[in-house]
Amino acid sequence: MSVIPCEKNKKLRSQIEKYAETLKCEAHRLGDHGLSEAEFYNSGVFRGAIERIRGQFSATMREKREFVQHVLNHMQDQGFIEDWESAGEANRHDYSIKLNSGKTAIIELKGCLDGNNTNIFERPPHAHEFIIWSVCTNPGADPRHNAWSGIHTRLSAEIISRNQRIDGIMIWDMVCGTIGRPCPKIKDSPERVTDVGPFHLTPPCIYMFPATIPSPRNNPHPESQALEDVELLKAFHTCFNGDPSEINYVDFEVKYHGTETLRTTVVKRAGAVQQESGATAIRRT
């Protein structure tokens, strides 16, 4: 049992570590810098190059936005949503979706969920539904660590402390189902893959959250919503060959312990508890 069906590719991780070690030892042989081995490593060229590459990978959202554009265009073409638009830099969210019912759903795009950026979001007042979509394009990342870090450590604290309701999250991107992140959903069912532009997409991992804000006195244990209650997540699930047994349901329970607020997070899938926290104090920085 686990918070998310997939897991990191241990073989790939080992290859990454070995290659990184080789790169560190042999970097002075690359390029035409004209420096001796000692001069090269003392010059800062290697460290500077690594930091530049890291920054380029971290800063760019172009690849992620192209992926989202392909997905939303496909959903509109197939009649699962009526329309969509990028919210633009002036807004605190990323995409606005007009649903077939006429309601408005808002998508906040995030990375791997294990960083401080996960905590930065604001549900706009006009949103009928508010979804966080995790697009983690690092094949060396640990999806189980990231999913739990996002759901329990970060998002539950923000929901309770700031009264920010989230209807659900979706963890899904172009790396899912590749050699870097094998997907058990398609292992014996390759027909469940959906081709969208250059992408071969597995069914998404969807997490349903409560419809109300947990409160120690007035609402200590709200249960997660049903998939049918959140139109946008239902559309993603149906459009991309989801199975009902794969939907995750997230419950929060909160209580006071002295001056502290404690919350317990439980993730269920297919009627079984997949992961459960202890009663953890909310400490926000």
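According to the UniProt record's numbering, the sequence shown is numbered sequentially starting from 1.
C-beta: ideal position from N, C-alpha, C; glycine also.
Worksheet item: If you follow the alpha helix (DSSP H) that ARG283 is part of, which residue opens it and which one closes it?
Response: First-last for ARG283: undefined, no H or E at that position.
Worksheet item: Nearest-angstrom Cα distance between PHE240 and ALA49?
Response: 40 Å
Worksheet item: Which residue's Cα is closest to the Cα of ALA272: ASP251, ILE282, ALA279, HIS257?
Response: ASP251
Practice prompt. Can you give me the Cβ contacts of THR104 inside the same chain, cut-off strictly under 8 Å, excluding the 5 residues immediately before and after it?
Written response: SER96, ILE97, LYS98, HIS126, ALA127, HIS128, GLU129
Worksheet item: In three-state DSSP terms, what is ILE16?
Response: It is helical.
Practice prompt. Assign ARG269 to buried or exposed, taking buried as 16 or more other Cβ atoms, counted over all protein chains shown, within 10 Å of its Cβ.
Written response: buried
Item to complete: Using the Cα positions of GLN15 and VAL254, report the straight-line distance between them to the nearest angstrom.
Response: Rounded to the nearest angstrom, the two C-alpha atoms are 43 Å apart.
Worksheet entry | Other residues of its chain near TRP148: CB distance less than 7 Å, five sequence neighbours each side excluded | VAL3, GLN275
Worksheet item: Does DSSP classify residue 363 as helix, strand or coil?
Response: No answer is possible for residue 363: the residues shown for the chain start at 1 and end at 285.
Worksheet item: If you follow the alpha helix (DSSP H) that ASN163 is part of, which residue opens it and which one closes it?
Response: That residue, ASN163, is in no alpha helix (DSSP H); it is neither H nor E in DSSP.
Discussion item. Which residue marks the beginning of the alpha helix (DSSP H) containing GLN76, and which one marks its end?
Written reply: 62–77
Worksheet entry | Where GLU253 falls: helix, strand or coil (DSSP) | Residue state, collapsed to three classes: strand.
Worksheet entry | Which listed residue (LEU201, SER161, ARG162, LEU155) has its alpha carbon closest to that of GLY168 | LEU155
Discussion item. For TYR207, which residues in the same chain have their Cβ closer than 6 Å to its Cβ, ignoring the five residues on either side in sequence?
Written reply: Annotation for TYR207: GLY168, ILE169, ASN248, VAL250 place their beta carbon closer than 6 Å to its own, counting only its chain and skipping 5 residues before and after.
Worksheet item: Which term fits ASP94, buried or exposed, when burial requires 16 or more other beta carbons within 10 angstroms of its beta carbon?
Response: buried
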